[in-house]
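>
In this note's numbering, the protein residues as written are 959 to 1081.
1. Taking C-beta to C-beta, are residue 971 and residue 999 nearer than 8 angstroms?
2. What whole-angstrom Cβ distance do residue 969 and residue 978 have, given they're in contact under 8 angstroms?
3. Terminal residues of the continuous alpha helix (DSSP H) containing residue 1009?
4. Report buried or exposed for residue 989, applying the criterion of at least 16 other Cβ atoms within 10 angstroms of its Cβ.
5. Just the Cα atoms here: how many angstroms apart are residue 1020 and residue 1008?
6. For residue 1058 and residue 1039, I'd like the C-alpha separation in whole angstroms.
7. May I have the straight-line CA-CA distance separating residue 1013 from residue 1005, to the nearest angstrom?
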């Protein structure tokens, strides 16, 4: 837990801000829980706060993923690679940039360096 938790250490014996191994609490004095301040160690499984946390974790249903419920028909290799598949025809990026520059020209006539740079890209 020490590797994954970024909170300051809390002693499971006395509820102070130090590691448990460096605790100076005497064995005669009662323990103090870091979760509920009760007279038991923080790792006591009978702690009321611990039980609430565990109950919440156990009773919380897992998230529902709608994409898991929609099952598409699996294609065979032949079906997936056949020539009947839709052929996507994407417009070349130079055409898109050219249209972009054309739309910018009327709005930014003073910004010649920017527009000249865009023209060079589209050539």
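We put the beta carbon where it would ideally sit given N, CA and C, even for glycine.
Fair warning: this is a prediction, and the values are worked out from it, not measured in the lab.
Short version:
1. yes
2. The pair is a contact, with the Cβ atoms about 5 angstroms apart (cut-off 8 angstroms).
3. 1006-1017
4. The residue is buried, with at least 16 neighbouring Cβ atoms inside 10 Å.
5. Taking the CA atoms as reference points, residue 1020 sits about 21 angstroms from residue 1008.
6. 36 angstroms
7. 12 angstroms
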